[in-house]
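J.: In the numbering used here, the protein residues as written are 12 to 245. For each residue, glycine too, the CB sits at the ideal point set by N, CA and C.
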Amino acid sequence: MKIIAGNWKMNGSRAALETMINSLRDVNTPNTVILCVPYTMLRTGANGVQTGAQDVSPHVAGAYTGDISAQMLADAGAKYVIVGHSERRAYHNETNAVVRSKAQAAINAGLVPIICVGETMDEKQAGKAMAVIESGVRESVPSDENGKIIIAYEPRWAIGAGLTPTSSEIAQAHALIARTLKSMGRGGTPILYGASVKAGNAAAIMSIPNVDGVLVGGASLKPDDFIPIITSVK
Ligand code: 13P
């Protein structure tokens, strides 16, 4: 059983989500399927798919114009929320500390945060990838061991680029994340791989040790691309 999560980023429509959910009706899979959609498309899950958001406020309520609380996401039907995605870190200057407080807010509202970590190309070329990944996990995961979480390893240089790390690079990163989580009292936390996943590479990526599923961007937008990923593994 794997976790197949889609990240629609700022794409799609309520009608497109309806089409996707209808297309999933006849898909027989043991895998957990999640679609992280824009706020306006959140809804209660159906046909074996749950929805999630792509960001959340660290605050519970109050004068934070334009922000959305974890409780509001839960109220809208979400079960998951991505925190610390590379694009949030890059375009909104989100630090590990901010990501951790958002993850904690999600847990407090009964949501499962999908906490993203990963290195930039500069960090990779400087030989710092493993250090960045480890500190990403240590600093972005709430120290409170309560509440389920999911980690997504997303090498930032590979997102949307059609590039993927080698299998051994993915294996090394996931093994490090698994060890780090264990040392934090969070052994067994699912670890997803994300960046340029498509039907043609999904099964191979999910056969790598410690890869418990995938977080899919572009290839999660259309049923014809997403369903073959869901059905590529049991
Ligand atoms: P792509 O699958 O489009 O590379 O995006 C990956 C991603 O950012 C998922 O969160």
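#1: What's the gap between the Cα of residue 141 and the Cα of residue 184?
#2: Run the proximity test for residue 171: is its beta-carbon closer than 6 Å to any non-hydrogen atom belonging to the ligand 13P?
#3: Does the distance between the C-beta of residue 18 and the nearest non-hydrogen atom of the ligand 13P fall short of 6 Å?
#4: Ignoring anything shorter than 3 residues or poking outside the stretch 66–136, list the beta strand (DSSP E) runs there in chain order.
#5: Quick one: is residue 174 buried, meaning 16 or more other Cβ sit within 10 Å of its Cβ, or exposed?
#6: Pull up the distance between the alpha-carbon of residue 191 and that of residue 212, whole angstroms please.
#7: Looking at the unbroken beta strand (DSSP E) that takes in residue 225, where does it start and where does it end?
#8: Is residue 1 helix, strand or coil by DSSP?
#9: Is it the case that the CB of residue 226 approaches a heavy atom of the ligand 13P more closely than 6 Å?
#10: Below 8 Å CB to CB, which residues in the same chain sit around residue 152 once its five sequence neighbours on both sides are set aside?
#11: Going by Cα to Cα distance, which pick from 216, 232, 233, 234 is closest to residue 14?
T.: Looking at the atomic coordinates:
#1: 7 Å
#2: yes
#3: yes
#4: 91–94, 123–128
#5: exposed
#6: 26 Å
#7: 224–227
#8: Nothing can be reported for residue 1: it is not among the residues displayed for the chain, which extend from 12 to 245.
#9: yes
#10: 111, 114, 126, 160, 162, 192, 195, 197
#11: 216
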